[in-house]
Amino acid sequence: MIWTSRWPGWRGIVVVTAAVFVLDSEPVRAEGWPTVPDELFTALGLTRDVSASDLYAAVAARYYDQAKGYGEGKFSEMWEPTALARYLDPGLYQGREALDFEVTSADCATCHETVTPGWVHAANRSVHADLQALRALPADDPRAYKVEHLDEVEANLRTMGKLAEGEVLAEVACADCHMGVGVKAGNHKTDLRLPDGAACGQCHVRQFSERESERDTLTWPQDQWPAGRPSHALSMIANYETAIWAGMAEREVAEGCTMCHTTQTSCNQCHTRHEFSAAQARKPEMCANCHNGVDHNEFENYMMSRHGLIYQTNGDNWNWEAPLSEAFASAGYNAPTCQTCHMSVNGEYSHNLVQKVRWGFNPMPSIAENLDHPWFQARKELWVATCTQCHAPSFATSYLDMMDQGTIQGIGLVQEADAVVKKLYEDGLLVGQADNRPAPPAPDADTHGGFFGLFWTKGNNPSAVEHEYAQMWEQEIMRHFKGLAHVNPGGFTYSYGWSELIGSLARIRDEDTRLREGAALEKRIEALEAAGGD
Amino acid sequence: MIWTSRWPGWRGIVVVTAAVFVLDSEPVRAEGWPTVPDELFTALGLTRDVSASDLYAAVAARYYDQAKGYGEGKFSEMWEPTALARYLDPGLYQGREALDFEVTSADCATCHETVTPGWVHAANRSVHADLQALRALPADDPRAYKVEHLDEVEANLRTMGKLAEGEVLAEVACADCHMGVGVKAGNHKTDLRLPDGAACGQCHVRQFSERESERDTLTWPQDQWPAGRPSHALSMIANYETAIWAGMAEREVAEGCTMCHTTQTSCNQCHTRHEFSAAQARKPEMCANCHNGVDHNEFENYMMSRHGLIYQTNGDNWNWEAPLSEAFASAGYNAPTCQTCHMSVNGEYSHNLVQKVRWGFNPMPSIAENLDHPWFQARKELWVATCTQCHAPSFATSYLDMMDQGTIQGIGLVQEADAVVKKLYEDGLLVGQADNRPAPPAPDADTHGGFFGLFWTKGNNPSAVEHEYAQMWEQEIMRHFKGLAHVNPGGFTYSYGWSELIGSLARIRDEDTRLREGAALEKRIEALEAAGGD
Amino acid sequence: MIWTSRWPGWRGIVVVTAAVFVLDSEPVRAEGWPTVPDELFTALGLTRDVSASDLYAAVAARYYDQAKGYGEGKFSEMWEPTALARYLDPGLYQGREALDFEVTSADCATCHETVTPGWVHAANRSVHADLQALRALPADDPRAYKVEHLDEVEANLRTMGKLAEGEVLAEVACADCHMGVGVKAGNHKTDLRLPDGAACGQCHVRQFSERESERDTLTWPQDQWPAGRPSHALSMIANYETAIWAGMAEREVAEGCTMCHTTQTSCNQCHTRHEFSAAQARKPEMCANCHNGVDHNEFENYMMSRHGLIYQTNGDNWNWEAPLSEAFASAGYNAPTCQTCHMSVNGEYSHNLVQKVRWGFNPMPSIAENLDHPWFQARKELWVATCTQCHAPSFATSYLDMMDQGTIQGIGLVQEADAVVKKLYEDGLLVGQADNRPAPPAPDADTHGGFFGLFWTKGNNPSAVEHEYAQMWEQEIMRHFKGLAHVNPGGFTYSYGWSELIGSLARIRDEDTRLREGAALEKRIEALEAAGGD
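Protein chains in written order, with the numbering used here: chain A, 108 to 641; chain B, 108 to 641; chain C, 108 to 641.
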């Protein structure tokens, strides 16, 4: 397929340009990227006086590095991309079959006003469409902070030689995003690109670097997760390297997983094209694009928490155009959103959302056992600082302790269930285990209550009791933890979480007794038969 | 009960009037009802130059035709309407016991301002209450399009002799809807009616005809569904002719089904009395009146899709007073609603919502097998046209293909389960099947995993494994499809749909093995007993 | 722990003051507390000419009376409060370890602007912060009614000697709520209090008395529930005296229950500190703080009912600043909220939400059997009056009848299941019952399908079939009833309620057959073994 041909990425355009400007020793930004964590500079061998051009070059180079999480990953031989894949991993699959002619940004608008009018209307409403209108905002407009953003973008582009000294950016036109910043025209068949994260990063160097720093700030002290994961920056490779995802025959169903894992490959998951409304991206529902459902119901828990219910009853009085740093002051928030808690560290907001992560998505014993390690303690203190924007430190601490203890109590139920199901598996007593248990598709391998059993079944694999257990460790304990973490009592006490885990454990023990009694009964029949055969 | 007496319907008032005007050869509307599909004219033996009066007469006559879906249906002998029924099927059950006095519309308001003040306040806020205010709207008001609607209504009424040439409609008063258009007074006991669809259709001929055309545009090429179904226009008869609905002893619970099936019998389900706000009817939550829950969770899937989340985060900036045709342009939508996709065909909006239906509510093998038939292909192309308002044609096509493939994959799981349960039923191995399986109430009949088993149980009918299977074919596969159709990845991958089907199939196979092993064990005991008896 | 020391409560401050003023024979309020039900006056031995000071003294004294529901309840020896408890029951657990210095309200704001800025910003937005701005509202402002409230508060305070004749309240400052009305300064360590319900009641005597009257108006004629319950006024004692709550080892999970049961101990659950927006408290989502989830899903049912969907589509046009009494008139509501139905009795609104309660949370046979008792009939008539604000009396009556019948039908299914599970328990046939059934923790005791089994499991207690049954009687029947009560057809017909009950009953009967067949089979083997031993 022509469109599956690999595309070299924006690095092809920008990295070289950057190299030129390094020699020019472009003046560095005085503030030294304060919202980009130290860990990124260390990982990339940079210092804080790096120019925008160099910073972008280094971050983009790693973004495109197959050894560091770019591309189809270690199971790539086992699956074929669907036709939809090029929209989900726009850097990876590019190219089109026809429309071999030159176009300018003006041509784009003219033609697409008919072909796909929604794009054009949305783009026309965006800040990108009229930077002059942005510059004209009165200083007391809540959006006035965007003028500083624009100044920063222009400074970035000057370090890259994309804008001359004193020159201002007139607009962000179609080709700037779809062909490269500053490109005025190109061939519709060969030059046009669906923008990936690095495409946005050309102008938004700071935000791109913040997001990419997630790889560096989430290095687990006891290797609970691979380095830099789970994070938005490495979400797509996490998808590609999930064994059952790679092994499933039903590629269209599997692509449902891919649809959420695009935060690595695009900025569009939170910043909806082509309007790119920041106000919209500040709302909790934007996070719900991915953070909903049976195994990570953050959205549901937030919305039903006191915080979320205040948002639902009062949020229409908050100023969504104001920057997050103004949330509790001039913007009038009287409750947090996803964004205010997860994007802030000590009052500073950035696009790195994992700097305070402790339990990391799925609460595991290996985390529970290490919560007093300094790495976890330091992060807990960052949470206390976040909560004390509106709560007493003693309240914050007591709730965070309760959340940890409640989570550990839930993990205990999962461990009890695991022991029961594992023993049944080892004793060969699972239904159909003796003669009707096909292995899951490669690269996966059989185990008791494996993740694969939530998406694949053949013969008696998984058995019913294993499916119940898989729901416990992969869904119920996560809902339990997410309910606790988002202060939704029903989410961890009586509707989800604990009460679900109790029900599942009771059914698993019931089944354990039943299977063992059945086996004993069969032995007695065998003995009778053997006796009868005497 | 007096109120169960049959009422002849608005046809009694209007059809005759219409007949008179046909003779007068009223000038026809030049545009020839462009939003009413050809199929309706063909079915009713009309041509596009038909007058409003004649069109209404023909559509209303069919609306009231018991041979064509009006009334209580083929199982009517088997059930009694509850006292609530007259509000759910207002054309069918009419009449009241008392209040035998003459009233005018002004009397209604005076008295009901005390008795039921909510009615009067809501009506006073409606467009109906002050047509002069409507006519005075400036041309650039987003509601100005309603003036054209009013012109059209007046033209309609002139063809019916309800309005003289040059006369304008002053208001729509209580009696216009509750006694007949133009009626000024009547008897509160004998003349008052709860308006049905045909009552609204007296003025809104075009919209009524569009809605009624659903009967004509959904004629399945391989008879997958009865002609004209599933549709809003025939929803009530579908309810009455559902066997378990008719057979259930618990009429009050059964009436819960009826409460949603009123789109045939009333316009009120979408156009809330007495305010009749069009802006309100444009919002997705209005569709959720019916389209929610375990077997048709369109609303939940939409709301959790990217489309719905954009609506939730940005919808308060959209102009809901603007007509749907302005949605993506001046009204500022940057995502679709239920209405923008399901009410449009090639950019033209109407009250026929089924012109692009392909999978039709419950994805069946008989649809899956015929997707390359021209009838289905033509409809798929209409979907591509809808999606390309905002998406590239290649994206639209690739997603629609993915949706079809994913649905087919889900159907495969249902078919596997069906084979297992059917065989157990045929082999007489279901729990309690031998001696404790009462038949469902007439007019239903026993089968394996029948629909009845979701609402009725007696003895061991349905058995647990059948109930699981019934949930698969009637709920899980539908959620799977609806998730795919509404682009909600969790809806078809990990939260609902596929992962639910996998769990159910695993449990069904587990039970199959267990029941067959149990039967084998019992045979061995019988053999031992027989041997012992020797 | 220092903070667990008991605090004497606001009565220590106010009751004595009140006593002084009784002797002064303060002039009584002419209106005689019309929104406070008779039952409260009777219960407290007061007459309607009681002064605000005396009324508050009597209501607060009962509020703090351990014999009448204050404090940790009858199981208090069995559990220890978590560190979070002092925030959930602020009257009970007070005190702090440090910060031993004098502070004024101005000091609070200065310091907490840095420590917990969210508090200060929210308080500054509240009506409390600027009473002069409130007094300056034009008469046609929807909030103008609050000026009357302020007048009433000032009149109350004058009866208590907190305000001199002719003196007006300047502001409600930090110390007024956290140290006592009129207190200007105090010690941060020893004088500071987290406000409980009685703290708010110092000024808001009427509202506090209305809320506390819930204890008096809900006295069940056949003792279906303890007197005054279930209600907001006695919610915390209901929590403390739930056996499994008291007995659970996992205190942090149990505290999840406590988090909702704070309506007795605080006003903050509905009136969010420190903004105290009345508009916010009028919105349905505020009730969802507690009224959501598996066993009392009022919120979900409301939101998916026609009423709730109208709120969702049109609510942004309603004037939330207007008082509830204006809802259907000038405020423009065209559907009810939780508040409009549950806070009103014959058109009069109050903070007693249980005056029309009939089914009381969990539909029991003992209620079903007594629905024609005058106590229940009178309440049903109050409901008809509520519904007829917008519906015909005949509609209201027919729906309320349907709701009752449908609920009774659901109870029938629960009773059938109870008989099956109880018999299995009595026959000793439950899985593991013979040798692996530990008792639940004290103060709970073993029973078939007990409430404890939803939160605790050990060995084979509860067995799987009991867990299923517990879900029926404690969750599914409640969802069924709540769906009926809130007019959400899917909530009682096909998504929740009835169809869930049917599925559970089918599975319970399946298990019954299976367990009895298994026992019979084992008997046959025993017989064979005995025969073989001959």
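In this text, a Cβ means the ideal position worked out from N, Cα and C, and glycines have one as well.
Taking the continuous alpha helix (DSSP H) assigned at B:Gly517, which residues delimit it?
Position 410 of the second sequence, counted from the first residue, corresponds to residue 517 of chain B. That run of the alpha helix (DSSP H) goes Pro500 to Glu533.
Would you say A:Ala455 lies against chain C (beta-carbon separation less than 9 Å)?
What you label residue 455 of chain A is simply residue 348 of the first sequence in a count that begins at 1. Ala is not the amino acid found at residue 455 of chain A; the sequence shown has Glu there. For A:Glu455, the answer is no, since every Cβ of chain C falls outside 9 Å of its Cβ.
With respect to the beta strand (DSSP E) encompassing C:Ala436, which residues constitute its N-terminal and C-terminal limits?
Translated into positions along the third sequence, residue 436 of chain C becomes position 329. It is not in any beta strand (DSSP E) - C:Ala436 carries neither H nor E in the DSSP assignment.
A:Glu720, enclosing alpha helix (DSSP H) - first and last residue
The requested residue 720 of chain A does not occur in the structure, where chain A is confined to residues 108 to 641.
In the DSSP assignment, what are the bridge partners of C:Thr211?
On the third sequence, residue 211 of chain C is found 104 positions in, with the first residue counted as 1. Per DSSP, C:Ala292.
Any chance the CB of C:Asp214 is under 8 Å from a heavy atom of the ligand ATP?
Absence of the ligand ATP from the depicted structure is noted, as is the absence of any ligand whatsoever, leaving it without description.
Counting along the chain, where does the alpha helix (DSSP H) carrying B:Phe148 start and finish?
Start at 1 with the first residue of the second sequence, and residue 148 of chain B comes out as number 41. Asp145 to Leu151 is the span of the alpha helix (DSSP H), which, as asked, contains B:Phe148.
Can you tell me the Cα-Cα spacing of C:Thr493 and C:Leu460, whole angstroms?
For the purposes of this step, residue 493 of chain C is taken as the residue at position 386 of the third sequence. For the purposes of this step, residue 460 of chain C is taken as the residue at position 353 of the third sequence. Approximately 13 Å, taken between the alpha carbons.
Is the segment 519-526 of chain C touching the segment 591-602 of chain C in the sense that three or more CB pairs, one from each, lie closer than 8 Å?
no
Among all the DSSP beta bridges, which residues are the ones paired with B:Asn568?
Position 461 of the second sequence holds residue 568 of chain B. BP columns for B:Asn568 point to B:Lys565.
Just confirm the distance between the C-beta atoms of C:Leu195 and C:Glu319, as a whole number of angstroms; I'd bet it's less than 8 Å.
Reading the third sequence from its first residue, position 88 is the one you call residue 195 of chain C. Reading the third sequence from its first residue, position 212 is the one you call residue 319 of chain C. Wrong, their Cβ atoms sit about 19 Å apart, outside the cutoff.
By the criterion of Cβ-Cβ separation under 7 Å, what are the contact partners of C:Gln512 in chain E?
No chain E is part of this structure, whose protein chains are labelled A, B and C.
How many whole angstroms separate the CB atoms of A:Met185 and A:Ala353, which I take to be in contact at a CB cut-off of 8 Å?
For the purposes of this step, residue 185 of chain A is taken as the residue at position 78 of the first sequence. For the purposes of this step, residue 353 of chain A is taken as the residue at position 246 of the first sequence. Rounded, the Cβ-Cβ distance is 5 Å, consistent with contact.
Please name the residue in C:Ala192, C:Ser501 and C:Ala524 whose C-alpha comes closest to that of C:Tyr347.
Translated into the one-based positions of the third sequence, residue 347 of chain C becomes position 240. Of C:Ala192, C:Ser501 and C:Ala524, the residue nearest in Cα terms is C:Ala192.
C:Leu130, buried or exposed, once every other Cβ within 10 Å from all chains shown has been counted against 16:
Translated into the one-based positions of the third sequence, residue 130 of chain C becomes position 23. A caution first: C:Leu130 carries a pLDDT of 37, below 50, which makes its placement in the model unreliable, though a value can still be read off. So C:Leu130 ends up on the exposed side.
Would A:Ser183 count as contacting chain B if we go by Cβ distances under 9 Å?
For this step, residue 183 of chain A is matched to residue 76 along the first sequence. Not closer than 9 Å to any Cβ of chain B, the Cβ of A:Ser183 fails to qualify, so no.
Using a Cβ-Cβ cut-off of 8 Å (strictly less than) and excluding sequence neighbours within five positions of A:Ala626, which residues of its own chain qualify?
Reading the first sequence from its first residue, position 519 is the one you call residue 626 of chain A. Taken in chain order, the residues that qualify are Leu536.
Could you list which residues in chain C have their beta carbon closer than 8 Å to that of A:Ile474, in chain order?
One-based indexing of the first sequence puts residue 474 of chain A at position 367. Simply none; closest approach about 17 Å.
Which residues DSSP lists as bridging C:Ser451, in chain order
As a first step, residue 451 of chain C is located in the third sequence; it is residue number 344 there, counting from the start. According to DSSP, C:Ser451 bridges with C:Tyr456.
Under 7 Å between beta-carbons, which chain B residues line up against A:Asp617? List them in chain order, please.
Counted from its first residue, the first sequence places residue 617 of chain A at position 510. Within 7 Å Cβ-Cβ: nothing; A:Asp617 doesn't reach chain B, min ~14 Å.
Please say whether C:Leu301 and C:His285 have beta carbons closer to each other than 9 Å?
What you label residue 285 of chain C is simply residue 178 of the third sequence in a count that begins at 1. What you label residue 301 of chain C is simply residue 194 of the third sequence in a count that begins at 1. Result yes, Cβ atoms of C:His285 and C:Leu301 sit closer than 9 Å.
Straight-line Cα distance separating C:Glu357 from C:Ala637
Your numbering for residue 637 of chain C matches position 530 in the third sequence. Your numbering for residue 357 of chain C matches position 250 in the third sequence. Their backbone Cα atoms lie some 48 Å apart in a straight line.
Using beta-carbon positions only, say whether A:Val538 and B:Asp617 come within less than 9 Å of one another.
Indexing the first sequence from 1 puts residue 538 of chain A at position 431. Indexing the second sequence from 1 puts residue 617 of chain B at position 510. In contact: A:Val538 and B:Asp617 (Cβ atoms closer than 9 Å).
Would the segment 456-471 of chain B count as touching the segment 256-264 of chain A if we require 3 or more Cβ pairs under 8 Å?
no
Taking B:Lys565 as the reference, give the member of C:Ala571, C:Gly225, C:Asn568 and C:Thr620 with the closest Cα.
For the purposes of this step, residue 565 of chain B is taken as the residue at position 458 of the second sequence. The residue with the shortest Cα to Cα distance from B:Lys565 is C:Thr620.
In the DSSP assignment, find the unbroken alpha helix (DSSP H) run with C:Glu405 in it and report its ends.
On the third sequence, position 298 is the one that residue 405 of chain C refers to. Segment Glu405 to Met411, the alpha helix (DSSP H) holding C:Glu405.
Mind pulling the chain A residues with CB within less than 7 Å of B:Cys497?
On the second sequence, position 390 is the one that residue 497 of chain B refers to. The answer, in chain order, is Thr223, Gly225 and Trp226.
Residue range of the alpha helix (DSSP H) that A:Cys394 falls in?
Here the question's residue 394 of chain A lines up with position 287 in the first sequence. Run containing A:Cys394: Pro391 to Cys394, per the alpha helix (DSSP H) assignment.
Environment of B:Asp402 [buried if 16+ CB atoms lie within 10 Å]:
Here residue 402 of chain B refers to the residue found at position 295 when the second sequence is read from its first residue. Answer is buried; the Cβ neighbour count reaches 16.
Should B:Trp563 be flagged as near chain C, meaning a C-beta pair shorter than 9 Å?
The residue you call residue 563 of chain B lines up with position 456 of the second sequence. By this cut-off, B:Trp563 is an interface position.
Taking three-plus beta-carbon pairs below 8 Å as touching, is the segment 418-429 of chain C in contact with the segment 437-444 of chain C?
yes
For B:His480, is the classification buried or exposed, using 16 other Cβ atoms within 10 angstroms of its Cβ as the cut-off for buried?
As a working note, residue 480 of chain B is residue 373 in the second sequence. By the 10 Å Cβ count, B:His480 comes out exposed.
Spell out whether any CB of chain A is found under 9 Å from the CB atom of C:Pro548.
Here the question's residue 548 of chain C lines up with position 441 in the third sequence. No, C:Pro548 does not count as interfacial toward chain A.
When DSSP labels each residue in this structure, what does A:Arg322 get in the three-state scheme?
For the purposes of this step, residue 322 of chain A is taken as the residue at position 215 of the first sequence. It is helical.
Which one of C:Asp542, C:Val527, C:Glu523 and C:Ala475 has the shortest CA to CA distance from C:Asp511?
The count along the third sequence starts at 1 and reaches residue 511 of chain C at position 404. That would be C:Ala475, whose Cα lies nearest to the Cα of C:Asp511.
Are the C-beta of C:Val401 and some C-beta of chain B separated by less than 9 Å?
As a position in the third sequence, residue 401 of chain C is number 294, starting the count at 1. False, the Cβ-Cβ gap to chain B never drops below 9 Å.
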